[in-house]
Amino acid sequence: MSEPFDIHDHRHQLKQLRESSDTGLYDNRDGVSCPVCAAVFDRLFILRGRTQQFPENDGARFCLLNQDDGVYLFRH
Ligand SMILES: [Zn+2]
1120 MSEPFDIHDH RHQLKQLRES SDTGLYDNRD GVSCPVCAAV FDRLFILRGR TQQFPENDGA
1180 RFCLLNQDDG VYLFRH
């Protein structure tokens, strides 16, 4: 069971590293927990475009949350 995740609720806890019209990358600097598995995540990557390549993955576990405004990828 996953809950909706609103980036604006966490903007003081997530440090924005990159932002474009189609993607956003945030660093979790305040122990925000993943809405999918409830464990603290490391980075949040938001993909808003219809066609997006997934960022290179180093083998870390990640969770996906599909929302109206994009796909949210929580990397642990
Ligand atoms: Zn997770």
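The opening residue of the sequence shown carries number 1120 in my numbering; numbering runs sequentially from there.
All C-beta atoms in this analysis are idealised placements derived from N, C-alpha and C, irrespective of residue type, glycine included.
*asked:* What does the alpha-carbon distance come out to for the pair ASP1141 and GLY1168?
replied: Looking up residue 1141 in the sequence shown gives position 22. Looking up residue 1168 in the sequence shown gives position 49. Looking at the two C-alpha atoms, the distance is approximately 5 Å.
*According to the neighbour-count rule (16 or more other Cβ atoms, all chains shown, within 10 Å of its Cβ), is GLY1143 buried or exposed?*
Within the sequence shown, the letter at position 24 stands for residue 1143. With at least 16 other beta carbons inside 10 angstroms of its own, GLY1143 counts as buried.
_Inter-residue CB distance, ILE1126 and LEU1133 (contact presumed, cutoff 8 Å)_ = For the purposes of this step, residue 1126 is identified with residue 7 of the sequence shown, where counting begins at 1. For the purposes of this step, residue 1133 is identified with residue 14 of the sequence shown, where counting begins at 1. In this structure ILE1126 is in contact with LEU1133, their Cβ atoms being roughly 7 Å apart against a cut-off of 8 Å.
*Boundaries of the beta strand (DSSP E) in which PHE1173 is found, first to last residue*: Start at 1 with the first residue of the sequence shown, and residue 1173 comes out as number 54. Neither: PHE1173 is in no beta strand (DSSP E) and is coded neither H nor E.
*Assuming GLN1171 contacts PHE1124 under a Cβ cut-off of 8 Å, what Cβ separation, rounded to an integer in Å, is found between them?*
Start at 1 with the first residue of the sequence shown, and residue 1171 comes out as number 52. Start at 1 with the first residue of the sequence shown, and residue 1124 comes out as number 5. Contact flag wrong, Cβ pair sits at about 18 Å.
*Hey, which unbroken runs of the beta strand (DSSP E) at 3 residues or more fall wholly within the region 1139 to 1192?*
As far as the region 1139 to 1192 is concerned, its whole beta strand (DSSP E) runs of at least 3 residues are 1142 to 1147, 1162 to 1166 and 1181 to 1186.
*asked:* Tell me which residues share the same chain as GLU1138 and place their Cβ nearer than 8 Å to its Cβ, disregarding the 5 neighbours each side in the sequence.
replied: The residue given as residue 1138 occupies position 19 in the sequence shown. Result list for GLU1138: LEU1144, in chain order.
*Apply the 10 Å Cβ neighbour rule to ASN1176 and answer buried if 16 or more other Cβ atoms are within range, or exposed otherwise.*
Position 57 of the sequence shown, counted from the start, is the residue given in the question as residue 1176. Using a 10 angstroms sphere on the CB of ASN1176, the tally of other CB atoms stays under 16, which defines it as exposed.
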